[in-house]
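FYI, the working numbering numbers position 93 of the sequence shown as 225, with every residue one higher than the one before it. The beta-carbon is built from N, C-alpha and C at its ideal position, and this holds for glycine as well. This one's a predicted model, so the numbers in the text were calculated from it and none came from an experiment.
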Amino acid sequence: MEPIPLVILGATGMVGQRAISLLKNHPWFKIVALAASHRSSGKKYSEACQWHLPGEPYCGIGDREVWPCDPVLLAKEARGAIAISALDSQAARELEEPFAKEGFRVLSNASAHRMNPVVPLIIPEINADHLDLIHRQEGPGFIVTNSNCTSMPVALALAPLHQAVGIEAASVASYQAVSGAGYPGESAWDMVGNVRPHPGNEEEKLSEEPKRILGTLGESGVSPA
């Protein structure tokens with residue numbers, strides 16, 4: 133079987149680096165293009181970012197040229213490829229739909245489209261049937277999203293209870309690694325022995341995403357749990 137071609141969007145960031153480290157030597161996939169902002173495009177990957185992960189720096193592809201996140205340009209290089217989106221939410225909001233319209237199958241780690249009624253918000257062990265939503269999207273490609281990092285384990289824990297007896301309400305307290313803030317992250321002086329109580333929009337995501345993940349797919353879309 134020929135490996136499935138991949139384009140990594142946001143390749144220079146921490147999430148992009150992690151995606152590359154997981155997929156570079158995977159037998160099913162082949163990374164055919166690295167893409168990032170115009171500040172990085174045209175440079176060698178090793179010149180465009182500092183590698184922050186253990187193991188071989190740049191996973192042996194530091195000499196690859198970084199492309200701009202231009203869906204039309206990248207479609208000429210890798211039309212129909214899977215685009216792994218490691219973009220921040222604002223960039224994802226602007227770019228993921230144009231990539232889908234150019235035929236890319238966009239698998240997104242960003243929050244931008246998670247609550248879009250025709251975009252699947254997927255935890256495969258719970259709601260793989262929601263993937264049918266991709267047929268309701270316009271264009272030859274599509275977008276599929278994963279959940280917030282806290283919503284994921286919460287939904288996995290709640291799913292069997294929801295299926296067995298139903299859930300009226302859940303109270304959750306979470307403690308997340310500050311590495312989620314990306315590089316350079318939070319000040320060590322501020323964080324040692326400390327907890328930052330309200331990071332971004334985490335509470336809203338945890339309130340809304342599990343209800344959609346545990347919801348029921350029907351003709352009108354997903355009815356939240």
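Can we count residue i as close to the ligand ZN, meaning its CB is less than 8 Å from some heavy atom?
| i | result |
| --- | --- |
| residue 297 | What this structure holds is no ligand at all, so the ligand ZN is not there to describe. |
Anyone know if the C-beta pair for residue i and residue j falls short of 9 Å?
| i | j | result |
| --- | --- | --- |
| residue 258 | residue 288 | yes |
| residue 262 | residue 254 | yes |
| residue 173 | residue 198 | yes |
| residue 280 | residue 337 | yes |
| residue 136 | residue 162 | yes |
| residue 272 | residue 233 | yes |
| residue 327 | residue 307 | yes |
| residue 349 | residue 357 | no |
| residue 249 | residue 264 | no |
Just to check my reading of the structure: residue i and residue j have Cβ atoms closer than 8 Å, yes? What is that Cβ distance to the nearest angstrom?
| i | j | result |
| --- | --- | --- |
| residue 141 | residue 167 | 5 Å |
| residue 194 | residue 176 | 6 Å |
| residue 203 | residue 170 | In fact, because the Cβ distance is near 14 Å, the residues do not count as touching under 8 Å. |
| residue 275 | residue 341 | Not a contact, Cβ separation roughly 16 Å. |
| residue 243 | residue 187 | Actually they are not in contact, since the Cβ atoms of residue 243 and residue 187 sit about 28 Å apart, beyond 8 Å. |
Tell me the residue span of the beta strand (DSSP E) that contains residue i.
| i | result |
| --- | --- |
| residue 162 | 161 to 168 |
| residue 136 | 136 to 141 |
| residue 214 | 214 to 217 |
| residue 275 | 274 to 277 |
| residue 154 | That residue, residue 154, is in no beta strand (DSSP E); its alpha helix (DSSP H) goes 146 to 155. |
| residue 238 | 237 to 240 |
| residue 355 | 353 to 355 |
| residue 200 | 198 to 200 |
If you follow the alpha helix (DSSP H) that residue i is part of, which residue opens it and which one closes it?
| i | result |
| --- | --- |
| residue 342 | 334 to 345 |
| residue 109 | This structure does not reach residue 109, given that the chain is present from 133 up to 357, and the question cannot be answered. |
| residue 204 | 203 to 210 |
| residue 349 | That residue, residue 349, is in no alpha helix (DSSP H); its beta strand (DSSP E) goes 348 to 350. |
| residue 230 | 221 to 233 |
| residue 307 | No alpha helix (DSSP H) holds residue 307; DSSP gives it neither H nor E. |
Among the options, whose alpha-carbon lies nearest the alpha-carbon of residue i?
| i | options | result |
| --- | --- | --- |
| residue 143 | 134, 223 and 212 | 223 |
| residue 178 | 241, 190 and 186 | 190 |
| residue 151 | 236, 240 and 133 | 240 |
| residue 283 | 303, 210 and 298 | 303 |
| residue 206 | 185, 236, 187 and 242 | 236 |
| residue 343 | 324, 294, 352 and 305 | 294 |
| residue 219 | 353, 322 and 146 | 146 |
Around the C-beta of residue i, are 16 or more other C-beta atoms found within 10 angstroms, so that it is buried, or is it exposed?
| i | result |
| --- | --- |
| residue 158 | exposed |
| residue 309 | exposed |
| residue 149 | buried |
| residue 339 | exposed |
| residue 290 | buried |
| residue 355 | exposed |
| residue 217 | buried |
| residue 324 | exposed |
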